[in-house]
Amino acid sequence: MRHRNATGQRRTQQYGGLGRRGFLIGTASTLGALALPSWTARAASPSQVLAAGDHVPVLIVGSGYGGSVAALRLTQAGIPTAVVEMGQSWTTPGSDGKIFCNMLNPDQRSYWFRTETDQPVGYFLGFPANKSISSYAGALDSEQFATTRVYQGRGVGGGSLVNGGMAVTPKQSYFEEILPSVDAAEMYGTYFPRANAQLGVNSIDPAWFESCDCYQYARVSRKTANDAGYGTVFVPNVYDFGYMEQEDANQVPRSALASEVIYGNNHGKKSLDKTYLAAAAATGRLSISPLHTVTDVAPAPGGGYTVGMTQIDTAGNVVATKTVTADRVIFAAGSVGTSKLLVSLKAKGRLPDLPDAVGTAWGNNGNVMVARAGLDLTGALQSGMPTMGIDNWADPNGPVFAEIAPFPAGTETWINLYLAITKNPNRGTFVFDSSTGKVGLNWDASWTQPSIDAAKRVFDAINSKAGTVYRSDLFGVNRIWGDDFVYHPLGGCVLDQATDNHGRLPGYPGLYVMDGSLIPGSTGVNPFVTITALAERNIEKILATDFA
Ligand code: FAE
Numbered sequence: 024m025r026h027r028n029a030t031g032q033r034r035t036q037q038y039g040g041l042g043r044r045g046f047l048i049g050t051a052s053t054l055g056a057l058a059l060p061s062w063t064a065r066a067a068s069p070s071q072v073l074a075a076g077d078h079v080p081v082l083i084v085g086s087g088y089g090g091s092v093a094a095l096r097l098t099q100a101g102i103p104t105a106v107v108e109m110g111q112s113w114t115t116p117g118s119d120g121k122i123f124c125n126m127l128n129p130d131q132r133s134y135w136f137r138t139e140t141d142q143p144v145g146y147f148l149g150f151p152a153n154k155s156i157s158s159y160a161g162a163l164d165s166e167q168f169a170t171t172r173v174y175q176g177r178g179v180g181g182g183s184l185v186n187g188g189m190a191v192t193p194k195q196s197y198f199e200e201i202l203p204s205v206d207a208a209e210m211y212g213t214y215f216p217r218a219n220a221q222l223g224v225n226s227i228d229p230a231w232f233e234s235c236d237c238y239q240y241a242r243v244s245r246k247t248a249n250d251a252g253y254g255t256v257f258v259p260n261v262y263d264f265g266y267m268e269q270e271d272a273n274q275v276p277r278s279a280l281a282s283e284v285i286y287g288n289n290h291g292k293k294s295l296d297k298t299y300l301a302a303a304a305a306t307g308r309l310s311i312s313p314l315h316t317v318t319d320v321a322p323a324p325g326g327g328y329t330v331g332m333t334q335i336d337t338a339g340n341v342v343a344t345k346t347v348t349a350d351r352v353i354f355a356a357g358s359v360g361t362s363k364l365l366v367s368l369k370a371k372g373r374l375p376d377l378p379d380a381v382g383t384a385w386g387n388n389g390n391v392m393v394a395r396a397g398l399d400l401t402g403a404l405q406s407g408m409p410t411m412g413i414d415n416w417a418d419p420n421g422p423v424f425a426e427i428a429p430f431p432a433g434t435e436t437w438i439n440l441y442l443a444i445t446k447n448p449n450r451g452t453f454v455f456d457s458s459t460g461k462v463g464l465n466w467d468a469s470w471t472q473p474s475i476d477a478a479k480r481v482f483d484a485i486n487s488k489a490g491t492v493y494r495s496d497l498f499g500v501n502r503i504w505g506d507d508f509v510y511h512p513l514g515g516c517v518l519d520q521a522t523d524n525h526g527r528l529p530g531y532p533g534l535y536v537m538d539g540s541l542i543p544g545s546t547g548v549n550p551f552v553t554i555t556a557l558a559e560r561n562i563e564k565i566l567a568t569d570f571a
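Going by my numbering, the sequence shown opens with residue 24, and the numbers climb by one from there.
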């Protein structure tokens with residue numbers, strides 16, 4: 024824990040009890056002989072793409088956090104494993120020499136089959152800020168449901184390609200509240216440290232934070248929060264802060280300092296293709312089939328499961344449909360992907376005996392976005408990687424953990440932006456619509472109100488103390504709250520409800536769930552460390568018992 028003593032900084036601590044020293048100790052004591060991938064290793068790239076009629080011991084649907092953990096631990100245990108991923112493998116540079124585009128000049132690489140960008144901050148001064156793009160298998164999906172849209176990463180590495188890299192271990196007391204069937208001591212003693220180590224989590228040098236231009240926006244938001252009586256915490260990240268310092272010194276190509284985040288980072292970020300998946304590929308037992316969408320899973324006559332999939336090209340044309348067989352299938356398509364797939368397979372009679380809890384208990388991690396019109400300069404140069412949060416989780420009137428988010432517009436805007444994570448009790452349900460053959464999300468637009476109420480208490484107080492006001496021009500015309508989109512979908516196939524206590528789907532031996540759908544709608548912090556650690560726990564148990 025770091026306790027700061029400079030004016031306005033004394034309340035800032037390292038979040039989650041895994042400071043740099045704790046992280047290193049955890050690495051050494053819990054990982055033992057496991058080989059950590061070199062950060063400089065080549066990214067995992069597609070190999071041995073599945074062919075129709077193939078048979079594999081294990082097939083993993085999706086290559087995000089849950090899928091990547093399973094892929095590494097299975098291949099390390101000697102089990103050939105096939106990962107099937109609907110997005111592309113982001114390994115080939117475009118005509119500009121870059122793999123990903125930045126947020127200031129989004130092109131076809133930005134969005135998953137859209138003809139216009141759909142930015143979370145979609146307006147500026149009340150005018151629409153989105154741009155025309157070509158339809159393409161881009162990195163960020165804005166998946167529209169009736170009342171909300173859910174942002175998700177598409178590609179080998181899932182959400183790790185597009186997210187802000189904030190690597191936050193939740194408070195143990197809250198973890199115990201949301202997942203009471205899980206041994207929390209084991210999680211905090213073994214699996215959270217293991218996840219943080221393999222993800223390559225690191226922390227910013229506080230001295231550099233205090234002096235660099237690119238975190239002026241965070242220092243300004245810290246001061247106004249502290250002045251209003253709210254504590255702030257440093258948050259670890261998977262972006263390499265050493266690399267970021269070199270960017271700042273103009274010694275390496277810029278990424279976080281070049282407005283690259285939600286459409287991918289060309290440098291600096293330890294996304295899963297460079298950590299878990301690269302290590303799994305190095306075993307020689309991993310195959311990855313990108314641009315393949317799993318559409319069907321059903322028991323195979325001779326045992327195991329048939330898995331149907333559609334292969335597309337980057338323009339979206341179907342180039343093949345394939346059926347393979349697998350002894351075991353791990354659903355790791357994310358909270359939305361896994362829930363949609365399982366709900367539709369149950370409704371269509373392909374996996375009819377799935378529990379009724381499949382598709383239920385979905386939540387948005389209490390997400391709501393908001394901005395203040397500040398009085399202090401926030402800086403024309405902003406790091407796209409957040410590294411600080413306002414921690415008001417202990418407030419019994421409405422817990423809030425608010426990420427101090429960048430607004431990397433490349434010019435001074437005086438905007439203080441936040442993604443607030445709140446304790447919203449409302450839960451949605453995925454429902455199969457037999458008339459369209461699609462799965463919808465039953466989520467009422469008014470269900471974000473508890474999140475707004477909690478965040479409003481904090482930011483009203485900050486505005487009042489600072490003499491500032493909300494921006495009402497960024498999420499629509501005269502709209503203060505960005506409450507119609509989600510960065511952190513969780514639940515839909517909750518542990519110990521829709522699955523057993525380790526992600527096994529009852530009634531179907533060899534079928535597992537291994538992603539954010541296991542977590543019941545809320546983690547109280549940014550979720551990928553929790554998803555990773557839970558997957559580490561579950562796959563260890565499954566390997567020891569089901570593969571013994
Ligand atoms: P996920 O990473 O979404 O992986 C699922 C994969 O399955 C994806 O690659 C899909 O393309 C693929 N897939 C889906 N359906 C199919 C199918 N039918 N067939 C084949 N493949 C399929 O799931 N979290 C943090 O902790 N810190 C942050 O700073 C942070 N920032 C974020 C910023 C943005 C813009 C977004 C969108 C998310 C952010 N998140 C952050 C959330 C985080 O990325 C998310 O919780 C995890 O990625 C979820 O991990 P899963 O393994 O559940």
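Heads up, the beta-carbon is just placed ideally off N, CA and C, and yes, glycines get one too.
As the structure is a computational prediction, the values presented were derived from the model and not from experiment.
Assignment of F198 by DSSP, reduced to helix, strand and coil, places it in the helix class. If you look at K461, you'll find it isn't in any alpha helix (DSSP H); it sits in the beta strand (DSSP E) that goes 461-465. Within the DSSP bridge table, the entry for I413 names T255, A425 as partners. In the three-state reduction of the DSSP assignment, Y328 falls in the strand class, which pools E and B. Comparing alpha carbon positions, the residue from T318, D263, L127, S244 closest to Y286 is L127. In this structure, ligand 1 has no non-hydrogen atom nearer than 6 angstroms to the beta-carbon of D263. Relative to the Cα of P129, the nearest Cα in the group S234, I156, A567 belongs to I156. A direct Cα-to-Cα measurement between G339 and D319 gives close to 19 angstroms.
Around V243, the same chain offers G397, D399, T401, N439 as residues with beta carbons nearer than 7 angstroms, after the five sequence neighbours per side are excluded. Annotated three-state conformation of S165 is strand, per DSSP. Secondary-structure assignment with DSSP links E139 through a beta bridge to S155. In the three-state scheme derived from DSSP, where H, G and I count as helix and E and B as strand, F455 is classed as strand.
With a threshold of 16 other beta carbon atoms within 10 Å, D263 meets it and is buried. In the displayed model, I554 falls within a helix according to three-state DSSP. Taking C-beta separations shorter than 7 angstroms and ignoring five residues to either side along the sequence, the partners of G187 in its chain run V284, M408, P409, following chain order. The residues Y535, in chain order, have a CB closer than 7 angstroms to that of R527 in the same chain once the five nearest residues on each side in sequence are set aside. By the CB criterion at 7 angstroms, V366 and V462 fall inside the cutoff.
Ligand 1 has a heavy atom closer than 6 angstroms to the beta-carbon of S86.
Within 6 angstroms of the C-beta of E559 there is not a single heavy atom belonging to ligand 1. Two segments are said to touch when three or more pairs of C-beta atoms, one from each, lie closer than 8 angstroms; by this definition the segment 328-343 does not touch the segment 300-310. Under the three-state reduction of DSSP, P80 is assigned to strand. With a cut-off of 6 angstroms, the C-beta of M392 is classified as distant from ligand 1, since no heavy atom of the ligand falls inside that distance. Taking C-alpha positions only, D483 is separated from K345 by approximately 55 angstroms. In this structure, A190 and M411 do not form a Cβ contact; the two beta carbons are roughly 13 angstroms apart against a cut-off of 8 angstroms. Rounded to the nearest angstrom, the gap between the Cα atoms of T383 and G110 is 26 angstroms. With contacts defined by Cβ atoms closer than 7 angstroms, P193 and T553 form a contacting pair. Distance from the Cα of Q131 is smallest, within the candidate group V144, N447, N153, for N153. When C-beta atoms of the segment 507-517 are compared with those of the segment 171-182, three or more pairs fall below 8 angstroms, so the two segments count as touching.
Per DSSP, T98 lies in no beta strand (DSSP E); the unbroken alpha helix (DSSP H) holding it starts and ends at 88-99. One thing to note: K564 has its Cβ no nearer than 7 angstroms to the Cβ of A251. In terms of Cβ geometry, I562 and A248 do not form a close pair [threshold 7 angstroms]. Contact check for N125 against S294 fails: the beta carbons are separated by 7 angstroms or more. Y299 has its Cβ no nearer than 6 angstroms to any heavy atom of ligand 1.
In summary, V492 is exposed, with fewer than 16 beta-carbon neighbours lying within 10 Å of its beta-carbon over all protein chains present. Q274 counts as exposed, since fewer than 16 other C-beta atoms from the protein chains shown sit within 10 angstroms of its C-beta.
The shortest C-alpha to C-alpha distance from S469 to any of L518, G161, D506, M210 is the one to D506.
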